[in-house]
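Under this note's numbering, the first residue of the sequence shown carries the number 153, and numbering increases by one thereafter.
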Amino acid sequence: MSRRTRVGLASAALVLLLLLAAWARLSLGARIASPAQLLEVFSGGGRGALRFMVLQDRLPAVVAAVLAGAALALSGGLFQRLLRNPLASPDIIGVGYGASAATVIGMLVLGLGGWALSGLALLGALAVAGAILAMSLGKGDMGARLVLSGLAIGAALAAVVNLLLTRTDVRSAADALRWIAGSVTDATWEKLGVLALSLLVLALLTALVAPRLALLELGDDAARALGVRVTAARIALVALGAALCAAAVAVVGPLSFVAFMCHPLATRLLGSRGNLAVTALTGSTLVVVSDLLAAHLFGIGNGLPVGVVTGALGAVFLLLVLSKERS
153 MSRRTRVGLA SAALVLLLLL AAWARLSLGA RIASPAQLLE VFSGGGRGAL
203 RFMVLQDRLP AVVAAVLAGA ALALSGGLFQ RLLRNPLASP DIIGVGYGAS
253 AATVIGMLVL GLGGWALSGL ALLGALAVAG AILAMSLGKG DMGARLVLSG
303 LAIGAALAAV VNLLLTRTDV RSAADALRWI AGSVTDATWE KLGVLALSLL
353 VLALLTALVA PRLALLELGD DAARALGVRV TAARIALVAL GAALCAAAVA
403 VVGPLSFVAF MCHPLATRLL GSRGNLAVTA LTGSTLVVVS DLLAAHLFGI
453 GNGLPVGVVT GALGAVFLLL VLSKERS
């Protein structure tokens, strides 16, 4: 089977699973919406209560899961391919912590929202990405130094976040804690507009630099021989990966392990080197399915934050990866 056929089949399977999970998420709840009712709502009809339930309560969560999952998956795929290290995802090497800490500061200290909060998250992610790269340069295993540097910076930023949570009022702290856990249910159409536009621009830029990423995977010397400006390409790819992570984190919080899992899963689906488009589809599908599980299968009261489910799945996936490496 050719690679193009594999990509097509994998994409079709992921889209089908995504649509089924999205339909279930829109239909199920305290009040069940039938397929006929959903079609009526999306055709512009339906009663006021039904329209509000579907269009203002459930649909934003589904759209947030699709967009954030794609952004985080692309971010993870860029970092893992660029650094040639399956552990080099933004939530493990500390880039996600940078975006999270900056967002919490913006929420609790500066009272920011919308584009301002997304911009601050981007600055935090870029600052941490730059610091980690600077600390990992030198002789020896760059991948190991990068992961260790990220863990150290992430621990420091987690301490900053905890300090802020203990110094704010209970209501603000509760809202921030739910965001830190990772939740798509609080997404608004305004926030989703920011995320959608950011993802569109960043995905187009990623498509433009993807050929250079493929050459960098051959090694720095080979890439230079083929005319790639290695340092400039690395900086551009790191900036793109950090921006994708920050765009998602600013809206839905740090969904644990999504960026880490999706590119390896896409690679397994294709049976060869991963494809960034399939990686993005994997991320969207994973988060929508996880949100469905969080809202219903593991629901307690109003349901669990989706980040709890992705964190549990990611922990199992990480153990499987480590056991495979050991064997």
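In this text, a Cβ means the ideal position worked out from N, Cα and C, and glycines have one as well. If you're wondering where the values come from, they're calculated on a predicted model, not measured in any experiment.
Pair within 8 Å by beta-carbon distance, residue i and residue j
i    : j    : result
V214 : V440 : yes
A225 : T434 : yes
V336 : I305 : no
R236 : E369 : yes
A162 : L421 : yes
G276 : G250 : yes
L407 : T462 : yes
L309 : A253 : yes
A339 : V404 : yes
A328 : L315 : no
L438 : V410 : yes
Neighbourhood of residue i by C-beta, 8 Å cutoff - its chain only, sequence neighbours within 5 removed
i    : result
R376 : V382
V361 : A385, A388, L389 and L392
Reference residue i, options the options, closest by Cα
i    : options                   : result
M259 : A308, C397, R330 and H415 : R330
V401 : V256, R323 and A311       : V256
A359 : D373, D372 and L389       : L389
L170 : A339, D443 and S475       : D443
G265 : V346, L354 and T157       : V346
A325 : V206, V261 and L190       : V261
Three-state secondary structure (DSSP) of residue i
i    : result
E369 : coil
T179 : The residue you asked about is not Thr; residue 179 is Ser in the sequence shown. Reduced to three states, the DSSP call for S179 is helix.
N427 : coil
N237 : coil
L207 : helix
A388 : helix
V410 : helix
M153 : coil
S350 : helix
D321 : coil
D243 : helix
I184 : coil
S335 : coil
R381 : coil
V195 : What sits at residue 195 in the sequence shown is Ser, not Val. Coil at S195, not helix or strand.
Residues near residue i by beta carbon distance below 6 Å, same chain, minus five either side
i    : result
G393 : S227, L230 and F231
S350 : A399
R210 : L178
L274 : A395 and A398
G426 : H415, A418 and T419
F204 : none
Neighbourhood of residue i by C-beta, 7 Å cutoff - its chain only, sequence neighbours within 5 removed
i    : result
I244 : V299, G302 and F412
P457 : R330, A333, G334, S335 and A446
V218 : S436 and V440
P238 : Q232, P416 and V473
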